[in-house]
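Numbering (the numbering used here), first residue to last: 1 to 564.
Just so it is clear, CB atoms sit at the ideal spot from N, CA and C, and this is done for glycine as well.
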């Protein structure tokens with residue numbers, strides 16, 4: 001348990017103590033705020049971490065409330081157990097809602113989930129809830145029969161759920177949510193299944209929403225279809241975006257606004273429809289500014305105050321030569337690989353070999369087919385013809401994340417590091433337990449990167465690009481394919497990068513295939529080089545003579561220029 005978790009628990013206790021002296025009506029409103037905060041949290045973490053929008057959360061809450069009511073009416077299952085079962089019952093529906101996310105994102109996904117919410121409303125809720133005709137009310141837990149005790153019970157449930165979410169976010173599954181929100185290709189390159197990552201996020205979100213619905217059923221005795229309109233999910237989404245989707249503070253603000261703003265409007269004699277309008281305007285402003293909402297602004301102000309009082313140290317932990325991790329000792333063998341885009345042939349019959357610890361360069365002019373070749377080798381693109389083997393294992397039937405787990409790592413032309421994570425969290429997922437923290441710290445030192453506790457968002461673009469290299473190497477792959485690793489670096493930085501790459505390849509026995517326009521780096525680092533021109537291999541062999549050949553000079557460097 002972290003200090004932040006302890007502060008969260010203290011805040012929950014403080015809320016309970018303060019509300020203990022309030023009237024029952026205010027206790028009821030505060031309990032409603034906590035329940036809405038739980039529901040908002042289910043929306044918020046899905047949006048802030050995985051960058052997926054679900055407008056079906058109120059319907060998932062209804063599934064939880066329906067389940068609690070059914071168990072209370074037909075069984076003798078304790079109410080506390082029924083509450084958990086309500087959350088579990090919402091999970092398969094949540095996974096079903098999440099299936100469109102495998103293909104859709106953004107507005108398209110939001111519209112589809114809103115449509116699913118309408119379908120649930122028609123097929124389930126409009127038929128009535130358990131005991132509705134007999135005026136049956138689900139009983140509260142015996143230990144939480146009064147308004148005050150039920151408030152404490154709801155606070156405890158909210159605290160347990162938030163601590164559970166935080167624990168998950170510190171694990172590989174939670175880190176993968178943040179990675180898939182930043183880039184699906186980076187997630188696959190780290191060996192994580194995009195399908196499982198997205199569906200687990202929806203499953204956890206549905207469980208939290210189901211618990212919120214179960215608490216609502218216990219608070220009022222039962223839920224009705226009018227409380228679970230699909231449009232309410234849109235209001236909850238707007239509310240959590242305005243309040244701040246990234247954490248518990250934003251959810252608490254959202255819950256407070258949802259419970260007390262309507263009451264304030266009622267006291268003023270104004271229409272309660274003003275509330276959703278305010279939330280929509282606030283959400284639109286936050287989205288237009290690409291900010292983290294009210295909670296994000298508060299946290300930013302607090303962070304500035306802390307930095308003034310406690311200036312952070314710029315020093316890194318000292319690292320020493322570490323034990324060599326176990327290497328895979330498998331060669332990459334590419335034979336006659338061909339890639340077509342419709343009638344256009346991007347790569348034609350290219351063959352490449354990369355042995356353990358060997359550094360091979362892949363060069364060619366823009367449009368020569370280098371990135372298409374790498375995409376086909378690593379599974380992001382289907383090859384028309386040819387074979388790819390890692391050692392004796394054929395890779396043609398494996399997906400991108402399966403090839404990464406088999407020992408084929410890669411980076412991308414465009415830097416795709418998940419800026420919402422810390423360096424150590426990112427590398428821990430990318431390493432897949434194949435390296436220790438000491439070994440990863442050694443890699444960071446080799447590439448002149450800051451301490452692993454640094455937030456990725458604090459790094460400049462050049463450092464983030466080198467961090468992506470470290471992430472590819474820290475799983476100790478058999479071969480790593482590095483797409484323009486020196487892009488944007490100065491000559492001095494490029495030379496240091498080349499030295500680091502050579503050192504890691506030799507020390508850890510990792511084969512490297514470097515796609516690069518910086519010929520000085522290629523000449524300094526690579527033992528062999530393959531040259532592509534219009535999708536075909538026009539030369540391959542030892543670096544110096546290959547770069548000096550007339551055919552390479554003519555097609556890549558120009559007739560009048562040679563590498564000396």
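Item: Length of the line joining the Cα atoms of residue 237 and residue 463; Value: 35 angstroms
Item: Spatial neighbours of residue 455 in its chain, beta-carbon cut-off 6 angstroms, leaving aside the 5 residues before and after; Value: 422
Item: Span of the beta strand (DSSP E) around residue 348; Value: 344-354
Item: Anticipated Cβ contact below 8 angstroms, residue 29 with residue 259, distance rounded; Value: 5 angstroms
Item: Residue burial classification, residue 10 (beta-carbon count within 10 angstroms, cutoff 16); Value: exposed
Item: Alpha-carbon spacing of residue 52 relative to residue 289, whole angstroms; Value: 19 angstroms
Item: Presumed contact (8 angstroms Cβ cut-off) between residue 362 and residue 199, rounded CB distance; Value: No, residue 362 and residue 199 are not in contact; Cβ-Cβ is about 36 angstroms, not under 8 angstroms.
Item: Meets three-Cβ-pair contact criterion under 8 angstroms: the segment 260-269 and the segment 62-71; Value: no
Item: Opposing strand residues paired with residue 409 [DSSP bridges]; Value: 480
Item: Residue from 460, 537, 527 with nearest C-alpha to residue 544; Value: 527
Item: Residue 380: first and last residue of the uninterrupted beta strand (DSSP E) it sits in; Value: No beta strand (DSSP E) holds residue 380; DSSP gives it neither H nor E.
Item: Sequence-distant residues of its chain with Cβ nearer than 7 angstroms to residue 378 (five each side left out); Value: 400, 403, 408, 410, 481
Item: When 194, 32, 146 are compared against residue 103, the one with the closest alpha-carbon; Value: 194
Item: Residue 616 versus residue 110: straight-line alpha-carbon distance, rounded; Value: In the structure as shown, the chain begins at 1 and stops at 564. Residue 616 is therefore absent and cannot be evaluated.
Item: Residue 471 - containing alpha helix (DSSP H), residue span; Value: 461-473
Item: Rounded separation between residue 328 and residue 181 - CA only; Value: 30 angstroms
Item: Inter-residue spacing [alpha-carbon to alpha-carbon] between residue 245 and residue 233; Value: 14 angstroms
Item: Rounded C-alpha distance that separates residue 356 from residue 509; Value: 5 angstroms
Item: Which of helix, strand or coil DSSP assigns to residue 385; Value: strand
Item: Any C-beta of chain C under 8 angstroms from that of residue 481; Value: Protein chains in the displayed structure number just one, and chain C is not present.
Item: Nearest to residue 87 (by Cα), restricted to the options 24, 472, 202; Value: 202
Item: Secondary structure of residue 418, DSSP reduced to three states; Value: coil
Item: Close Cβ partners of residue 112 (< 7 angstroms) along its chain, the five nearest in sequence each way excluded; Value: 100, 104
Item: DSSP-derived helix/strand/coil call for residue 555; Value: helix
Item: Distance CB(residue 174)-CB(residue 37) smaller than 8 angstroms; Value: no
Item: Buried versus exposed, by CB contacts within 10 Å (16 or more), residue 162; Value: buried
Item: Cα-Cα separation, residue 189 to residue 273; Value: 47 angstroms
Item: Same chain, Cβ closer than 7 angstroms to residue 393, five either side skipped, listed in chain order; Value: 406
Item: Member of 530, 21, 106, 81 whose CA lies at the smallest distance from the CA of residue 354; Value: 530
Item: For residue 311, the three-state DSSP class (helix, strand or coil); Value: With a pLDDT of only 43 at residue 311, under the threshold of 50, the placement of this residue in the model should not be trusted, and no figure is reported.
Item: Reference residue 13; option with closest CA among 159, 166, 84, 125; Value: 159
Item: Neighbour-count burial assignment, residue 197, 16 or more Cβ in a 10 Å radius; Value: buried
Item: Neighbour-count burial assignment, residue 460, 16 or more Cβ in a 10 Å radius; Value: exposed
Item: Euclidean distance between Cα positions of residue 22 and residue 154; Value: 16 angstroms
Item: C-alpha gap between residue 314 and residue 385, whole angstroms; Value: Unreliable placement is indicated for residue 314, whose pLDDT of 43 sits below 50; no coordinate value is reported for it.
Item: Simplified DSSP assignment, three categories, for residue 485; Value: coil
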